[in-house]
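Count along the sequence shown from 1, then add 202; that gives the number in this note's numbering.
Positions of the beta carbon are idealized from the N, C-alpha and C atoms, including for glycine.
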Amino acid sequence: MRGLFFIDIPILFQHVIFMEIEKEIHDTKYIRELIEYWDAYVHAVINEIYVGVGISLGLSEATAYDLAKNRTTDLKKSGFFKSLFDKFKSLFPHKIQRFRPKKGMFGDGTPMSEKQWTIFNNSVKKYWQKHTGRVAEDIAVKGFLLGRETTNFNLKKKPYKNKSLYQVSFDQYDGEIPSTIMEAYKKYDFDKSEKNILNKSFSNIAMYVQETNTEIQDAIRKQIQLGLDNNKSAIKIASDLYWNVQKDEELVNKYTAETLRRNWHRISQTEIASVYEAGILAQHEAQAMESLRDQSKAKYFIRTGGTCKWCRSKQGTLVRLIPSSVVEDTKNESLRAMGIIDPNTDIAIWPGKNNVGLKENDWQICCPAHPYNVATFTPINIETEWYNAKTGEVETRQVKKKFIPQQVDYSYRSKDEKEYRKPKVMGENLVRFNGNIYEAVPASVADKKLDAWRKDPRLPIPIQMDSPQYRRIFEAAE
Ligand SMILES: [Zn+2]
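In structure tokens form, the structure reads like this:
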């Protein structure tokens, strides 16, 4: 029997290695709300399954619900789900039914047979699929469309960060933002690469939903068998199921409802960020394909947002979109390595680029780059726009009109931009000037440093000490 307890660590828990990463909060309201809804919805479904198991173990309905509500500090106040679901009821009609396995499902205190477990697992699976399948598709479609809208808002310079999900649905979709892939295809003009990218994002999300179902079945089985083996009472088993945190046995912690819900929280935020970014990039993929032949069509983005240390150090990074179909090695983001020479950046991004399975040292520039990540790619026209590090946004260059109105003088810069472009000391022998980072190097290593920089343009640009350039940049730096 022991062998049956053994479970491979599934993909779900690969996220755990990132657990120390701080949570980041999205600064765009409609995305925040989408995360809030999906997180709470699945949370409620998990709760319902555990309540049903508790009742089947012999608890009264009131005790089972009470047990599910208590003990956590954050959001288990009575009525929490109800008020949240009420808030979103015009957007999400999904209803959660009761989960009630047959009474006495867990026998009379004797270990359950393999057949009994199969029956139980199938009932969880059926309930789970019924309640999470359509919602996952709804979330994928809405997340993708919201990414698309964000690009439009950006293009039209419309303030959008405080718009609610309801407002976007009302303003852009006459109150009926699509909830299925077919509906989205029918109503909106998706090109082929957009369809591909949406489909891929959805299967990714569906995979995480499926993994969570497997986790739930394994967790319940593990705790119930453990409880029966140790002659625990029904209420003790149910309480362990929900909250058991055995200090000495880390592995057991992951088999509680509480752990499953925490994991789900991480998945919902990270996967929504991922489909949202796909929606931002997808509509430009066709142009990115053309740019492989015609450099003037190159589509650039700036990585903005994200509040952790890693993200802050990457804010303002200029990247170029390429179609995912031309990426051979997903662990190498150098344009040069792909045979694309770009005078403005060497960093490629593509829809679906991610850091799953990579250690922090090896993370590439993508969004999301880590669990709970809220950084995003903002499109930039490098001729007419610039990244303002002070506001963290891509802004239009302020143009000074001359007397002949057709002529635009791009050389004019706002006070903020001028300030940003002044030489500024960033660290020992490091100066930022004109948007680039320069490193002062002694003559003896100058050639070597220059070679390294040519291979990897992300490195600081080496400047030989005491050269005229050195004096201009380093001696003027503040
Ligand atoms: Zn971050």
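List the endpoints of the continuous beta strand (DSSP E) containing residue i.
i: PHE355; result: Not the beta strand (DSSP E): PHE355 falls in the alpha helix (DSSP H), residues 316-357.
i: PHE579; result: 578-582
i: THR598; result: 595-598
i: PHE372; result: Where PHE372 is concerned, there is no enclosing beta strand (DSSP E), although the alpha helix (DSSP H) it sits in stretches over 367-375.
i: GLU587; result: 587-590
i: ARG505; result: 502-506
i: THR519; result: 519-523
i: LYS626; result: 626-629
i: GLN566; result: From DSSP, GLN566 is part of no beta strand (DSSP E); its letter is neither H nor E.
i: PHE635; result: 632-635
i: PRO553; result: That residue, PRO553, is in no beta strand (DSSP E); it is neither H nor E in DSSP.
i: GLN497; result: Premise fails: GLN497 is in no beta strand (DSSP E) and is neither H nor E.
Please classify residue i as buried or exposed, where buried requires at least 16 other C-beta atoms within 10 Å of its C-beta.
i: PRO570; result: buried
i: ASP658; result: exposed
i: ASN180; result: Since the first and last residues shown for the chain are 203 and 680, residue 180 lies out of range.
i: ARG522; result: buried
i: ASN563; result: exposed
i: LYS365; result: buried
i: ARG660; result: exposed
i: ILE543; result: exposed
i: GLU157; result: Absent from the structure is residue 157, since the part of the chain shown begins at 203 and ends at 680.
i: VAL627; result: exposed
i: GLN427; result: buried
i: ASP376; result: exposed
i: ALA539; result: exposed
i: GLU492; result: exposed
What are the boundary residues of the alpha helix (DSSP H) that residue i is part of?
i: ARG676; result: Checking the displayed sequence, the identity of residue 676 turns out to be Phe instead of Arg. Run containing PHE676: 670-676, per the alpha helix (DSSP H) assignment.
i: ILE384; result: Checking the sequence, you will find Met at residue 384 rather than Ile. That run of the alpha helix (DSSP H) goes 383-389.
i: ASN401; result: 394-431
i: GLU250; result: 231-258
i: ASN465; result: 459-484
i: ALA642; result: Note, ALA642: premise wrong, no alpha helix (DSSP H); beta strand (DSSP E) at 638-643.
i: GLN299; result: Element bounds for GLN299: n/a, residue is neither H nor E.
i: MET491; result: 487-493
i: LYS363; result: No alpha helix (DSSP H) holds LYS363; DSSP gives it neither H nor E.
i: ARG514; result: 511-516
From this set, the options, which residue's C-alpha is nearest residue i's C-alpha?
i: ALA679; options: ALA642, VAL647, TRP655; result: ALA642
i: SER403; options: LEU357, VAL477, PRO361; result: VAL477
i: ALA436; options: ASP229, ASN356, LEU261, MET409; result: LEU261
i: ASP241; options: THR414, LYS624, LYS516; result: THR414
i: TYR574; options: TYR368, ARG464, VAL411, TYR329; result: ARG464
i: MET314; options: ASP431, ILE341, ASP376; result: ASP431
i: GLU530; options: LYS511, PRO545, ALA550; result: ALA550
i: GLN489; options: TYR502, GLU479, ALA480; result: TYR502
i: GLY507; options: GLN485, ALA591, GLY429, ALA500; result: ALA591
i: GLY554; options: PHE283, LYS304, ILE407; result: ILE407
i: ARG673; options: GLY629, LEU652, PRO625, ASP653; result: PRO625
i: GLY518; options: THR509, SER285, PHE308; result: THR509
i: GLN318; options: GLN419, GLY541, LEU462; result: GLN419
Straight-line CA distance for residue i to residue j?
i: GLU396; j: GLU487; result: 8 Å
i: VAL370; j: LYS231; result: 10 Å
i: SER669; j: ALA645; result: 9 Å
i: VAL244; j: THR334; result: 7 Å
i: PRO361; j: GLU339; result: 28 Å
i: ASN401; j: THR352; result: 20 Å
i: LEU537; j: LYS388; result: 36 Å
i: ARG599; j: TYR589; result: 9 Å
i: GLY594; j: PHE579; result: 12 Å
i: GLY345; j: MET667; result: 51 Å
i: ARG234; j: HIS228; result: 6 Å
i: ASP450; j: GLN299; result: In this prediction, ASP450 has a pLDDT of 34, which is less than 50 and means its spatial position is unreliable; what the coordinates show is noted afterwards. Their backbone Cα atoms lie some 37 Å apart in a straight line.
i: PRO662; j: GLU385; result: 49 Å
i: ALA648; j: ASN556; result: 35 Å
i: GLU621; j: ILE675; result: 14 Å
i: ASN249; j: HIS467; result: 14 Å
i: LYS305; j: GLY254; result: 10 Å
i: ILE584; j: TRP552; result: 19 Å
i: ILE321; j: GLU417; result: 17 Å
i: LEU652; j: TYR640; result: 11 Å
i: LEU494; j: ALA577; result: 26 Å
CB of residue i to nearest heavy atom of ligand 1: below 7 Å?
i: ALA475; result: no
i: TRP565; result: no
i: ASN557; result: no
i: GLU226; result: yes
i: ALA459; result: no
i: GLY508; result: yes
i: TRP330; result: no
i: CYS569; result: no
i: ALA577; result: yes
i: HIS572; result: yes
Would the beta-carbon of residue i be found less than 7 Å away from any heavy atom of ligand 2?
i: LYS365; result: Ligands present in the displayed structure are limited to ligand 1, and ligand 2 is not among them.
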